[in-house]
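Counting along the sequence shown from 1, when you hit position 167 you're at 315 in my numbering, and nothing is skipped either side. Written below as structure tokens is the structure these notes are about.
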Amino acid sequence: MSHDRRNFLKAGVTLGASFLATPAFSINPTPSNATANGITKGGKTNVKHRTLGSGKHSLEVSALGLGCMGMSYHRSFIPDKKSMIAMLRKAVDMGVTLFDTAEVYGPYTNEALVGEALAPLRKKILLCSKFGFNIQNGQMAGLNSRPDHIREVVEQSLKRLRTDHIDLLYQHRVDPNVPIEDVAGTVKDLIKEGKVRRFGLSEAGAENIRKAHAVQPVTALQSEYSLMWRKPEEDVLKVCEELGIGFVPYSPLCRGYLSGFIHERTKFIAANDNRATLPRYTPEAIKANWVMIDVLTEFGNQRGLTATQVALAWLLAQKPWVVPIPGTTKPAHLQENLWSADIAFTTEELKQITEAVTNIKVVGDRYTGEQLKQTRN
Ligand SMILES: NC(=O)c1ccc[n+]([C@@H]2O[C@H](COP(=O)([O-])OP(=O)(O)OC[C@H]3O[C@@H](n4cnc5c(N)ncnc54)[C@H](OP(=O)(O)O)[C@@H]3O)[C@@H](O)[C@H]2O)c1
Numbered sequence: 149m150s151h152d153r154r155n156f157l158k159a160g161v162t163l164g165a166s167f168l169a170t171p172a173f174s175i176n177p178t179p180s181n182a183t184a185n186g187i188t189k190g191g192k193t194n195v196k197h198r199t200l201g202s203g204k205h206s207l208e209v210s211a212l213g214l215g216c217m218g219m220s221y222h223r224s225f226i227p228d229k230k231s232m233i234a235m236l237r238k239a240v241d242m243g244v245t246l247f248d249t250a251e252v253y254g255p256y257t258n259e260a261l262v263g264e265a266l267a268p269l270r271k272k273i274l275l276c277s278k279f280g281f282n283i284q285n286g287q288m289a290g291l292n293s294r295p296d297h298i299r300e301v302v303e304q305s306l307k308r309l310r311t312d313h314i315d316l317l318y319q320h321r322v323d324p325n326v327p328i329e330d331v332a333g334t335v336k337d338l339i340k341e342g343k344v345r346r347f348g349l350s351e352a353g354a355e356n357i358r359k360a361h362a363v364q365p366v367t368a369l370q371s372e373y374s375l376m377w378r379k380p381e382e383d384v385l386k387v388c389e390e391l392g393i394g395f396v397p398y399s400p401l402c403r404g405y406l407s408g409f410i411h412e413r414t415k416f417i418a419a420n421d422n423r424a425t426l427p428r429y430t431p432e433a434i435k436a437n438w439v440m441i442d443v444l445t446e447f448g449n450q451r452g453l454t455a456t457q458v459a460l461a462w463l464l465a466q467k468p469w470v471v472p473i474p475g476t477t478k479p480a481h482l483q484e485n486l487w488s489a490d491i492a493f494t495t496e497e498l499k500q501i502t503e504a505v506t507n508i509k510v511v512g513d514r515y516t517g518e519q520l521k522q523t524r525n
């Protein structure tokens, strides 16, 4: 029996008849009219809202944000700029308020794209960006969260984003050479100066989250979290719950894998796609992990949902303060993704799918080498 088949049968034991039983989940038809944080009420909003963070450090956002990185960086082809500008504006029309970019995406070009597209709609949206790398000759050259560097990066990001403030500024990776308290203190000063509204961390470990939060309350932790990478459940999600910090899963579709559109013949353009170097995207790993797609597809087919929607709805069901930021370059995919916010699984369904995926052993590391060392610090 092949490895794929064995894995699928193992998962199928848990799935079995219950997946084929009459689906009980519901799709909520009621659009949300909620608005806060000074965002102008759009009127066309059809996406529910969620809150990241607590009290005066909170941010009310669309239940899913839009990850903008792939529009110009690390997702192989770079689509035509005009189409991406139209797509970003369309996203606002569709109710997305949270837009995610970073200095290092491109580098620089992604912030510039987002800035150009969204400047006319600035009052309706929240811009999130990140600092934390040295960039030399257009390449990432190690970490740098020194206070003077953070300030320089923010000044440049504001220009590229065509705005006078960044709504949520993340440290992209913890810098072992700079105490996290100094980083939090610098962002605190930038908040006082009105250049930044809220503070976030990315891939930080529990201890650094606590230390940073004591200096400047953290609104959101943005770290990888999906059905293929559930490590945050072991520690940082609990810390976020305790401290009232929101959680923003990045790569919530495992860089496209959970859509079922990536297969063993998919070619990643190495010059602009980190998946070409990641063990989880070798043809062997893609094939070995296919059982996950089988599970999502089977569950979705019974309910008129795509694998992507099941994967996103599962994340949204984990906690009401989880706000995934799937990336896409296609308005049709964006619509499909946003509809996942209207899916409410029953407790039993959530248990069934969670058990089924927990039985699958995911093949291939998510990061290696330097990239791995920079995570969960
Ligand atoms: N903080 C960090 O360190 C960090 C790291 C990585 C990413 N991020 C952020 O997280 C965002 C998302 O992450 P990501 O791009 O790595 O991974 P992702 O959101 O898991 O996957 C994006 C990929 O999925 C495909 N996709 C999206 N919706 C789809 C659908 N409905 N059907 C089929 N395919 C679909 C997209 O292709 P199409 O364009 O064809 O739809 C794209 O190639 C980024 O844009 C970035 O803002 C942050």
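By construction, the Cβ of each residue, glycine as well, lies at the ideal position given by its N, Cα and C atoms.
Which residue wins for smallest C-alpha separation from residue i, given the options the options?
i    : options                   : result
R514 : S231, S399, E264 and G348 : S399
N422 : G452, Y221 and Q500       : Y221
K521 : N449, T476 and P324       : P324
G475 : N485, P468 and K467       : N485
S210 : V439, A352, K238 and I273 : I273
W377 : Y405, V363 and G392       : Y405
A239 : G286, N258, S202 and H481 : H481
M232 : T245, G218 and K415       : G218
K528 : C402, S407 and R358       : Outside the shown range of the chain, which is 149 to 525, sits residue 528, and nothing can be said about it.
N525 : K307, P255, G203 and E351 : E351
L453 : S371, R428, T425 and W487 : W487
L375 : R345, E503, T199 and P431 : E503
V322 : G280, R345 and H197       : G280
K204 : R403, C388, A424 and R345 : R345
Q319 : D312, K307, N282 and I434 : N282
Is residue i near residue j, with beta carbons less than 8 Å apart?
i    : j    : result
V302 : L266 : no
R368 : I393 : Before going further, note that residue 368 is Ala rather than Arg in the sequence given. In contact: A368 and I393 (Cβ atoms closer than 8 Å).
P295 : D330 : yes
K340 : V363 : no
L552 : I473 : The structure shown does not extend to residue 552, since the chain is modelled only from 149 through 525, so no value can be given for it.
E259 : S305 : yes
F347 : W469 : no
A489 : L463 : no
I328 : N356 : yes
L261 : K229 : yes
M235 : T477 : yes
So, helix, strand or coil for residue i, using DSSP?
i    : result
L375 : coil
C276 : strand
R308 : helix
D228 : coil
F447 : helix
H197 : strand
T367 : strand
G213 : coil
R514 : coil
E341 : coil
G392 : coil
G203 : helix
P479 : helix
I491 : strand
T183 : In this prediction, T183 scores a pLDDT of 40, lower than 50, which makes its location untrustworthy; the coordinate-derived value is nonetheless stated afterwards. Note: T183 maps to coil in three-state DSSP.
V252 : coil
P295 : helix
P380 : helix
G190 : Since pLDDT at G190 reaches only 44, below the 50 mark, its modelled position is unreliable, and no value is offered.
E412 : coil
M149 : Caution is warranted here: a pLDDT of 43 is assigned to M149, below 50, making its placement in the model unreliable, and the coordinate value is therefore given only provisionally. M149: coil per DSSP, three-state reduction.
K271 : helix
Just to check, is the beta-carbon of residue i closer than 7 Å to a non-hydrogen atom of ligand 1?
i    : result
D248 : yes
T516 : no
G218 : yes
C388 : no
K415 : no
H481 : yes
V491 : Going by the sequence as given, residue 491 is Ile instead of Val. Answer for I491: no, Cβ out of range of ligand 1.
N420 : no
Q370 : yes
S350 : yes
T502 : no
N485 : yes
F409 : yes
Just to confirm the assignment, what range does the beta strand (DSSP E) spanning residue i have?
i    : result
N282 : F281 to Q284
G348 : V344 to S350
Q522 : Careful: Q522 lies outside any beta strand (DSSP E) and carries neither H nor E.
I314 : I314 to Q319
L401 : No beta strand (DSSP E) holds L401; DSSP gives it neither H nor E.
L246 : L246 to D248
What residue range does the alpha helix (DSSP H) around residue i cover?
i    : result
A136 : Residue 136 is absent from the structure shown; the chain starts at 149 and stops at 525.
I434 : P431 to A436
L261 : T257 to L266
L464 : A455 to Q466
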